[in-house]
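Chains S and Y, in that order, give the protein sequences. Letter 51 of the first sequence, counting from 1, is numbered 48 in the numbering used here, and no numbers are missing. Letter 272 of the second sequence, counting from 1, is numbered 565 in the numbering used here, and no numbers are missing. Glycine residues also receive a C-beta, built at the ideal position from the N, C-alpha and C atoms.
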Amino acid sequence: MADIMIVTHNLTKQYNGKTVVNSVNLEIERGAIVGLVGQNGAGKTTLIRMLTGLVQPTSGSFSLLNGAVRRDNDVAAIVERPSIYTNLSAMDNLIAQCQLLGITADKEYLAKTLALVGLEDAPKKPAKNFSLGMKQRLAIAMTLVGRPQLLLLDEPTNGLDPQGIFDMREVFVNLNRELGVTILVSSHILSELGKFATEFYIMDKGKILERVTAEQLREVASKRVRLKVDDVDKTTEALKQYGKITVTDGDVDLYADVPITQIMLTLAKEGVNVLSIQQTADELEEYYINLIKRERQAKIELSKGGKPL
Amino acid sequence: MINVLRLEFFRLKKSKLFWILLGVTALLPVISALATTLILSVIDAITSSGSEMSGALEQFRSAVTTSIMSSLGMIGYGATLLPLITASVVLSKEFADGTMRNAILANKKRSELYFAYVTVAFTVGAAYMSAFMMTSLIIIAPIYGFGDLTAGQIVSAIFCSLALGLLSIAFAQSCVCMFLFAVRKQWATILFPILITLLVPDIMQTAIILITTILGFQGDTLSYTAMSWIPFYNASLFNAGAIDGALVGKIALYDLLFTAVFTVSGYFTFEKADLK
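Here it is, written out as structure tokens:
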């Protein structure tokens, strides 16, 4: 039986009658790095807040760590902004976290933890003088201090420079590989998330639209070719022999493992001028945008047909 | 709860505000005594210079002295206000910085958090009150003496003052905790308990005067005894030579009652609240 670290059953949150998270069902296995994808207001933060216990669900339930008895340091999280004691130094922040978790504040271990997030030069500097990026690094160090089994991260790279983003990605991946830490991470920087998450839940308007693994994503993306042409109808007709075709805003997407030269030859025979042709570069971003477009298109069509949404 | 207490006491130990205001509280009796002595000697020097004092001058001297003594009596409020400020600033910073979330994430129950904070707030109050009393007894009392009180009266006065002072502070700190957890805003946690501490006794007294005047009550309705149920009104004993055990007990009971009501009422809003 799989070791499930997070499971939710119809988890719902409403604020003043407005549904922010709508019957969400997640199932995340131990050792996974799961990306929670969605635009601002999609419900990602509220979902993570519910999992952390900060926000009470309106209905539904969830269970962490396969229902096992939870120790103080088993779950750690960063939710939106860094939760650090601004009047204390970086080292004192880690000591404070150790006090809270009931673990020994070994200075050597804490110095290593600071080094892990690139704060080895600022152990005694008051956190109030830190830049946003440094505060975020310190917050990450505080989550790591207890060596958690489960990390819940809401926009953890907010405020970090490109090097910082790269460094944090390395930290998360190493934690996952070496210590088997399960990570649920939300971000709107999809290109970044796509580089290290092994699975994705795509959210829109409080609902989970789709669950897709990184493998499935790569498979779909590598088989997709996007074309801009002067005659969409002729193109659709000519290419349908190769596989599924969708048309979005005048762009023709062909889901098939066909060489580009063969597509060009087929279209040339039909007299279609190809304005541009490309294989998807950013799998997750493309996938997400298309999924959202399709969902919204479907809703519009449903509403035009007079059917209930 | 032990771990939350360890964390909060660690934060307190590292807080400059805690140590500075503790020092100021300890110095309050000294400041009060020095100011009293200085002002009295200045008034004496002005009003009794040269010739015999006239009746009008004597009246003026008496009025000024009473007014100044009354103002200096407010210094005693500092022993209640300063721990209130310390607790509200230090504890509400947890909400301002968002670090309260760390404790929730560390699997601490909200009741554990709440009562750990209440314990810290009461401890801060007790530390400040003890510092205030220690200075009063060690530095001030030997210099100024206890007037014509007997040894027994002195011991009673000390214990009663300490007990009532601690109860007053406990009530003030329960206000801090109530606003801290009910409103969860730093400014409200600092401002409202101060306003209550400063204004409520006088507001209540005025209200009672108005009501009794309108209803035409006579006698000792407005006496010190009648006000025994108002927290802070009896934070100290005005007449140490006439300590009435029953009255002190009554004041203590009312203080405890108000403290319990404030402490418990803060919890219910926090128990199910969504935290930022």
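Cβ-based neighbour list, residue i, same chain, cut-off 8 Å, excluding 5 preceding and 5 following
| i | result |
| --- | --- |
| S/E26 | A(-1), D0, I1, M2 and T179 |
| Y/L305 | F311, V383, V413 and V417 |
| S/L206 | I199, M200, L288, I289 and E292 |
| Y/N296 | A399 and K401 |
| S/H6 | N22, G57, S58 and F59 |
Proximal residues to residue i (C-beta, below 7 Å), its chain only, five neighbours per side dropped
| i | result |
| --- | --- |
| Y/T518 | Its pLDDT being 46, under 50, Y/T518 is placed unreliably in this model, and the coordinates cannot settle the point. |
| S/T245 | N287 and K290 |
| S/A87 | L111, L116, A119, P120, K122, A124 and L135 |
| S/N155 | Q133 |
| S/K202 | A39 |
| Y/F472 | A481, T482, F485 and P486 |
| Y/F452 | none |
Cβ-Cβ distance between residue i and residue j below 7 Å
| i | j | result |
| --- | --- | --- |
| S/V76 | S/D151 | yes |
| Y/F555 | Y/S423 | no |
| S/G143 | S/L98 | yes |
| S/A39 | S/M200 | yes |
| S/T16 | S/S56 | no |
| Y/S381 | Y/T490 | no |
| Y/L375 | Y/T330 | no |
| Y/V411 | Y/C470 | yes |
| Y/L568 | S/L51 | yes |
| Y/L430 | Y/G371 | no |
| Y/A399 | S/D69 | yes |
| Y/T392 | Y/A475 | no |
| S/D232 | S/V249 | Strictly speaking, residue 232 of chain S in this sequence is Thr, with Asp absent from that position. Result yes, Cβ atoms of S/T232 and S/V249 sit closer than 7 Å. |
| S/K220 | S/A253 | yes |
Which residues DSSP lists as bridging residue i, in chain order
| i | result |
| --- | --- |
| S/V271 | S/V226 |
| S/A73 | S/L148 |
| S/S183 | S/L33 and S/D151 |
| S/T210 | S/E196 |
| S/T9 | S/S56 |
| S/S86 | S/P123 |
| S/V18 | S/K10 |
| S/L48 | Its beta-bridge partners do not exist; DSSP assigns none. |
| S/D248 | S/K225 and S/T245 |
| S/D103 | In the DSSP output, where bridge partners are listed per residue, S/D103 has none listed. |
| S/I205 | S/M200 |
| S/V4 | S/E24 and S/S60 |
| S/Q276 | S/V222 |
For residue i, the first and last residue of its enclosing alpha helix (DSSP H)
| i | result |
| --- | --- |
| Y/F555 | G538 to E564 |
| S/E26 | Run containing S/E26: none in the alpha helix (DSSP H); it sits in the beta strand (DSSP E), E24 to E26. |
| Y/T482 | Q479 to L508 |
| Y/T392 | No alpha helix (DSSP H) contains Y/T392, which DSSP labels as neither H nor E. |
| Y/K307 | I295 to K307 |
| S/E167 | P159 to L176 |
| S/I81 | Per DSSP, S/I81 belongs to no alpha helix (DSSP H) and is neither H nor E. |
| S/G130 | L129 to L141 |
8 Å contact criterion, which residue i and residue j should meet: CB distance rounded
| i | j | result |
| --- | --- | --- |
| S/A74 | S/T140 | 7 Å |
| S/T258 | S/A235 | The Cβ separation is near 15 Å, so there is no contact. |
| S/V229 | S/I274 | 14 Å between Cβ atoms; not a contact. |
| S/G130 | S/G161 | 5 Å |
| Y/M294 | Y/F425 | Contact doesn't hold; Cβ gap of about 28 Å is too wide. |
| S/R174 | S/E189 | Incorrect: roughly 18 Å between the Cβ atoms, too far for contact. |
| S/Y285 | S/V18 | In fact, because the Cβ distance is near 18 Å, the residues do not count as touching under 8 Å. |
| S/Q96 | Y/F303 | 5 Å |
| S/D89 | Y/K543 | About 46 Å separates the two Cβ atoms, so there is no contact after all. |
| Y/V335 | Y/I432 | The Cβ separation is near 22 Å, so there is no contact. |
| S/V72 | S/P145 | 6 Å |
| S/S183 | S/I45 | 6 Å |
| Y/A396 | Y/L315 | 25 Å between Cβ atoms; not a contact. |
Contact set for residue i: own chain, Cβ-Cβ below 6 Å, skip 5 residues either direction
| i | result |
| --- | --- |
| S/N63 | D0 and I1 |
| Y/F388 | R477 |
| S/T83 | A124 and K125 |
| S/I137 | V114 |
| Y/L460 | A545 and D548 |
| Y/W522 | With a pLDDT of 49 at Y/W522, under the threshold of 50, the modelled position of this residue cannot be trusted, and the question is left open. |
| S/K304 | With a pLDDT of 49 at S/K304, under the threshold of 50, the modelled position of that residue is not reliable, and the figure given next carries that caveat. Correct list: empty, nothing qualifies. |
| S/L91 | L107 and V142 |
Enclosing beta strand (DSSP E) for residue i [first to last residue]
| i | result |
| --- | --- |
| Y/V417 | No beta strand (DSSP E) contains Y/V417, which is instead part of the alpha helix (DSSP H) from R403 to T428. |
| S/S56 | S56 to L61 |
Members of the stretch 394 to 422 of chain Y near chain A, C-beta cut-off 7 Å
As a matter of chain content, chain A is missing from the structure shown, whose protein chains are S and Y.
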